[in-house]
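Only one structure is covered here, and it is reproduced in the block below.
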Amino acid sequence: MKPLFLSALMLGASAVWAASDGMPATPSAASADTERGRKLLVNRQETGCVLCHTIPGMKEGGEMGPNLSGLSQRLSAEQIRYRIADPRLLNPQTFMPAYFSTQGLHNVAKPLIGKTVLTEQGLEDIVAYLLNATKGP
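Right, dumping it as structure tokens:
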């Protein structure tokens, strides 16, 4: 019963969030590029994902965040997207930054006001990489 309830809750929250933050409810993955996604994940200046996460196929990785091995066996593309876009909606105490939301940001440098860390394309590229790289055996 719990997984079904959580799935329904995630779906409802996802629809509300998508409508309020400009993210398409069902983005097209047709143009997603796994290699671009991999490059974004390892780029310490752009995303910094490898600073906190162990990511399959990458030599270096952090231990502060969860290990992403087998991620696609535990989460759907939508759930992965949601966690990257704004993890604070699921866990307000998280240290992970929001990569596709500017809500709640204060004292932002003027050139960056209203700009997200990732573009929609970048978000889709990372989701595509994580879905393919974490399939497991």
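Counting along the sequence shown from 1, when you hit position 37 you're at 19 in the working numbering, and nothing is skipped either side. Glycine residues also receive a C-beta, built at the ideal position from the N, C-alpha and C atoms.
message: Need the endpoints of the alpha helix (DSSP H) that residue 32 sits in, please.
response: As a first step, residue 32 is located in the sequence shown; it is residue number 50 there, counting from the start. Looking at the DSSP string, the run of the alpha helix (DSSP H) that includes residue 32 is 31 to 34.
message: Measuring straight from C-alpha to C-alpha, what distance separates residue 44 and residue 78?
response: Start at 1 with the first residue of the sequence shown, and residue 44 comes out as number 62. Start at 1 with the first residue of the sequence shown, and residue 78 comes out as number 96. The alpha-carbon atoms of residue 44 and residue 78 are separated by roughly 13 Å.
- request: Please classify residue 35: is it buried, with 16 or more other beta-carbons within 10 angstroms of its beta-carbon, or exposed?
  value: Against the sequence shown, residue 35 aligns to sequence position 53. With 16 or more other Cβ atoms within 10 Å, it is buried.
message: Suppose you measure from the CA of residue 104 to the CA of residue 28; what does that come to, to the nearest Å?
response: Counted from its first residue, the sequence shown places residue 104 at position 122. Counted from its first residue, the sequence shown places residue 28 at position 46. Rounded to whole angstroms, residue 104 to residue 28 spans 11 Å at the Cα level.
task: At 4 residues or longer, and completely inside the segment 31 to 115: list those alpha helix (DSSP H) runs for me, N to C.
output: 31 to 34, 53 to 56, 59 to 67 and 102 to 115
message: Here's the rule I'm using: 16 or more other beta-carbon atoms within 10 Å means buried, otherwise exposed. How should residue 95 be labelled?
response: Translated into the one-based positions of the sequence shown, residue 95 becomes position 113. Looking at its Cβ environment, which holds fewer than 16 other Cβ atoms inside 10 Å, residue 95 is exposed.
field: Outcome for residue 113 when other beta-carbon atoms lying within 10 angstroms are tallied against a minimum of 16
entry: As a working note, residue 113 is residue 131 in the sequence shown. With 16 or more Cβ atoms within 10 Å of its Cβ, residue 113 is classed as buried.
- request: Within 10 angstroms of the Cβ of residue 108, are there 16 or more other Cβ atoms? Answer buried if so, exposed if not.
  value: Counting from 1 along the sequence shown, the entry for residue 108 is found at position 126. With 16 or more Cβ atoms within 10 Å of its Cβ, residue 108 is classed as buried.
message: Which of the three DSSP states is assigned to residue 117 in this structure?
response: Indexing the sequence shown from 1 puts residue 117 at position 135. Reduced to three states, the DSSP call for residue 117 is coil.
- prompt: Can you tell me whether residue 19 is buried or exposed, with buried defined as 16 or more other CB within 10 angstroms of its CB?
  reply: Residue 19 sits at position 37 when you count from the first residue of the sequence shown. When all chains shown are included, residue 19 counts as buried.
query: Which class does residue 26 belong to by DSSP, given the choice of helix, strand or coil?
result: Indexing the sequence shown from 1 puts residue 26 at position 44. In this structure, residue 26 counts as coil in the three-state DSSP scheme.
- request: If I'm right that residue 80 touches residue 68 with Cβ under 8 Å, what's the distance once you round it to whole angstroms?
  value: The residue labelled residue 80 in the question sits at position 98 within the sequence shown. The residue labelled residue 68 in the question sits at position 86 within the sequence shown. The pair is a contact, with the Cβ atoms about 4 Å apart (cut-off 8 Å).
message: So the candidates are 40, 88 and 32; which of them puts its Cα closest to the Cα of residue 46?
response: By one-based count along the sequence shown, residue 46 stands at place 64. When each option's Cα is compared against that of residue 46, the closest is 32.
message: Between which residues of its own chain and residue 117 is the CB-CB distance below 6 Å, once the five residues before and five after are set aside?
response: Against the sequence shown, residue 117 aligns to sequence position 135. Here the set comprises 54.
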